[in-house]
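Comments concern the structure below.
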Amino acid sequence: MNKNGEAGMDDERPADIGAGADVLEARYRRMLMLLPAAYREHRGEEMISTLLDGAPEGRRWPSVAELASLAALAMRLRVGAQGGTRRAIAVGEVLRRTALTGLLALGLWTGWNGVASLVVAWLNRSYEMRALPASTLASWIASDTLPPLDYLGAFVALLVGWRRLGRFLAVAQAGFIGFAVTRHDSFLVLSDRMAVFAVSLLIAVAAGSAFHREAPRMPVPRRWLISAAGLTGIILAVSGVYAALAFPPSAPDVQLAEEIAGVVGGPLVPVLAALFGLARARRSPIWPAALLTLGAPGLLIVPRAVIIYAQGKYENVFVGDLFSRSLWPGMPVYVLATEVVLAAALGWSLYRSRRRATAVPA
Amino acid sequence: MNTSTRTEQVFLILTALVDQPRHGYGIVQEVARLSNGQTQLKVGTLYGALDRLTGEGLLAPDRDEIEGGRLRRYYRLTEQGAAALAEDAERLAAHAAVATRRLRDRGVSLPGKLGPAGGAA
Chain A
5 MNKNGEAGMD DERPADIGAG ADVLEARYRR MLMLLPAAYR EHRGEEMIST LLDGAPEGRR
65 WPSVAELASL AALAMRLRVG AQGGTRRAIA VGEVLRRTAL TGLLALGLWT GWNGVASLVV
125 AWLNRSYEMR ALPASTLASW IASDTLPPLD YLGAFVALLV GWRRLGRFLA VAQAGFIGFA
185 VTRHDSFLVL SDRMAVFAVS LLIAVAAGSA FHREAPRMPV PRRWLISAAG LTGIILAVSG
245 VYAALAFPPS APDVQLAEEI AGVVGGPLVP VLAALFGLAR ARRSPIWPAA LLTLGAPGLL
305 IVPRAVIIYA QGKYENVFVG DLFSRSLWPG MPVYVLATEV VLAAALGWSL YRSRRRATAV
365 PA
Chain B
6 MNTSTRTEQV FLILTALVDQ PRHGYGIVQE VARLSNGQTQ LKVGTLYGAL DRLTGEGLLA
66 PDRDEIEGGR LRRYYRLTEQ GAAALAEDAE RLAAHAAVAT RRLRDRGVSL PGKLGPAGGA
126 A
């Protein structure tokens with residue numbers, strides 16, 4: 005056999021000649037260290053053969069394209085591609101759920117804010133608003149409608165298998181949020197906006213890495229879409245009931261919309277996440293892990309609350325710049341409590357699955 | 006993976022293994038030859054595809070050989086893989102035939118094998 009894998013036509017391997025081949029082989033072996041150990045053990049030697057066979061004479065370093073291709077394979081293997089370990093498959097499952105849930109949550113949140121803002125603007129067509137230049141009005145409408153379209157578009161695209169579009173939109177939303185944060189916030193590290201940016205960055209990374217071309221398709225996309233519709237219904241119903249009970253009919257529309265946004269952006273979503281994580285923990289640790297991961301960047305708002313509390317500004321403890329108009333301003337507490345509940349659910353679920361795995365049949 | 010989501014690279018890998026089992030570099034060379042040098046498989050792409058196609062039962066490891074101190078693992082097309090490739094080839098040929106016929110109807114002159122003497126339509 006020759007190096008083309010064909011019988012009867014033996015030929016030379018150019019890269020074999022001299023010490024250069026040894027140097028190149030050593031560098032290829034170092035490059036293969038990017039791969040998970042189990043995969044390297046299974047595939048490493050044949051990959052070395054393939055790489056050396058394809059190397060032109062005199063080459064001493066792996067090419068950038070080879071390195072990029074191998075790094076991409078290593079990343080795919082770590083998030084659930086065929087050939088990866090059970091742990092890698094689980095990581096892929098967690099990251100795909102993190103990305104989809106995050107896109108849905110942020111889509112609903114920004115969607116509600118956008119719709120409410122546009123409705124209120126329409127109902128209160130003031131003189132000032134009519135006097136706004138068309139370009140200002142257009143950019144204002146765009147900033148209210150584009151983020152939810154991006155989030156929900158990415159959610160649907162990833163769910164139905166349009167991965168390139170979904171990944172593009174998931175990365176684009178992080179760029180959009182990052183741009184908005186740098187324009188509006190001078191104290192990035194300890195701000196609510198930074199937490200939102202960190203969540204959107206996490207979603208972009210999770211979507212970009214876990215929805216690779218070799219990742220399994222999401223099972224039963226219809227169930228996700230039905231759940232999304234159900235979640236929207238719950239949020240609207242709770243907000244509606246709350247608005248009916250707490251506000252007189254004479255309340256201004258602006259105030260009403262803001263208060264409902266406060267409920268949606270306040271305790272409701274964290275409570276739903278904690279309950280769902282607890283309910284799914286009985287079956288597997290995947291959902292508690294996904295929700296815990298998604299909420300982790302939200303903890304960035306906790307230090308700020310602690311600092312404000314330490315400064316004696318008790319009335320501001322639960323009020324950050326982003327949630328300052330919330331009726332129930334307790335976001336650091338909600339996020340912290342949710343993360344604690346989800347961490348406990350994850351620990352319990354992992355303990356249960358380990359016990360099941362090591363149980364001796366009677 | 007269903008038919009419509011198999012990429013051109015995967016199609017070429019399956020085609021490269023129709024006539025005989027090949028090892029990794031053999032597949033890279035054959036794919037380059039089949040595509041007139043337009044598709045140059047990189048090692049990460051190749052082994053990602055081999056893992057997936059082996060997992061789906063379209064390819065199977067054939068044998069291992071040691072040559073010059075190096076391991077060469079050969080892959081062969083399974084019956085299931087041949088059936089999947091035949092399905093893909095039929096679908097692509099049907100699409101190509103439609104495209105060619107419509108281009109001729111429009112009066113577009115087709116280069117190469119699809120030209121006046123070609124028989125794709």
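First to last, the protein sequences are chains A and B. Read the first sequence against this note's numbering and you will find it ends at 366, with the numbers running on by one and no gaps. Read the second sequence against this note's numbering and you will find it ends at 126, with the numbers running on by one and no gaps. Glycine included, C-beta positions come from ideal geometry on N, C-alpha and C.
Measuring C-alpha to C-alpha distances from V123 (chain A) to each of A:P336, A:A78, A:R100 and A:T149 identifies A:T149 as the nearest.
Restricting attention to alpha helix (DSSP H) runs no shorter than 4 residues, the segment 133-194 of chain A encloses them at 138-164 and 167-188, ordered along the chain. With respect to chain B, the C-beta atom of G115 (chain A) has no partner C-beta closer than 9 Å. In the structure shown, the three-state DSSP call for P66 (chain B) is strand. Nearest Cα to L58 (chain B) within the set B:R27, B:D24 and B:T83: B:T83. Under DSSP, L82 (chain B) shares a beta bridge with B:L64. S121 (chain A) is classed as buried because its beta carbon has at least 16 other beta carbons within 10 Å across all chains shown.
Under a criterion of Cβ atoms nearer than 7 Å, the residues of chain B adjacent to Q86 (chain A) are, in order, D56, R57 and G60. Within its own chain, the residues whose Cβ lies closer than 7 Å to the Cβ of S353 (chain A), once the five positions on either side in sequence are excluded, are A285, S288, P289 and P292, listed in chain order. In the three-state reduction of the DSSP assignment, L303 (chain A) falls in the helix class. Every unbroken stretch of the alpha helix (DSSP H) spanning 4 or more residues and falling wholly within the segment 50-108 of chain A is given here in chain order: 68-82.
Think of a sphere of 8 Å around the beta carbon of V113 (chain B): no beta carbon from chain A falls inside it, the nearest being about 29 Å out. Distance check between Y155 (chain A) and each of A:G281, A:W144 and A:G170 places A:G170 closest, using alpha-carbon atoms only. For L76 (chain B), the neighbours in chain A by C-beta distance under 7 Å run, in chain order, E49, E50 and S53. A straight line joining the alpha-carbon of P336 (chain A) with that of I305 (chain A) spans about 6 Å. The beta carbons of L104 (chain A) and F159 (chain A) sit closer together than 9 Å.
Rounded to whole angstroms, the gap between the alpha carbons of L39 (chain B) and V33 (chain B) is 10 Å. At a cut-off of 9 Å, the C-beta of G49 (chain B) has a neighbouring C-beta in chain A.
When the Cα atoms are used, L141 (chain A) and G244 (chain A) turn out to be separated by approximately 29 Å. Against S73 (chain A), the close residues of chain B are K47, V48, G49 and T50, in the order they occur along the chain (beta-carbon pairs closer than 7 Å). Between the segment 296-316 of chain A and the segment 338-357 of chain A there are three or more C-beta pairs closer than 8 Å, enough to call the two in contact.
Counting C-beta pairs with one atom in each stretch, the segment 35-51 of chain B and the segment 86-96 of chain B have fewer than three that are closer than 8 Å, which means they do not touch. Against chain B, the CB of D154 (chain A) has no partner CB under 9 Å away; the residue lies outside that interface.
A219 (chain A) is positioned such that its CB atom lies closer than 9 Å to that of G84 (chain A).
The straight-line gap separating the alpha-carbon atoms of A314 (chain A) and R197 (chain A) is approximately 21 Å. When C-alpha distances from R81 (chain B) are compared across B:E13, B:G53, B:G31 and B:T12, the shortest belongs to B:G31. Taking 8 Å as the upper bound on Cβ-Cβ separation, chain A lies near residues T12, Q25, P26, R27, H28, G29, Y30, G31, I32, V33, Q34 and E35 of the segment 11-38 of chain B. Contacts between G244 (chain A) and chain B, judged by CB atoms closer than 7 Å, are missing: the closest CB pair is about 42 Å apart.
For R33 (chain A), no Cβ of chain B is located within less than 9 Å of the residue's own Cβ. In this structure, E70 (chain A) keeps its C-beta atom at 9 Å or more from the C-beta atom of G74 (chain B). Identification of chain A residues near G86 (chain B) by a Cβ-Cβ cut-off of 8 Å yields none; the smallest Cβ-Cβ distance measures about 15 Å. Interface with chain B (9 Å Cβ-Cβ cutoff): A208 (chain A) is excluded. Here the C-alpha atom of G118 (chain A) lies approximately 28 Å from the C-alpha atom of F215 (chain A). Fewer than three pairs of CB atoms, one per stretch, sit closer than 8 Å, so the segment 90-110 of chain A makes no contact with the segment 50-68 of chain A. Pairing G106 (chain A) with A91 (chain B), the inter-Cα distance amounts to about 41 Å. Under the 9 Å criterion on CB atoms, G53 (chain B) is classed as interfacial with respect to chain A.
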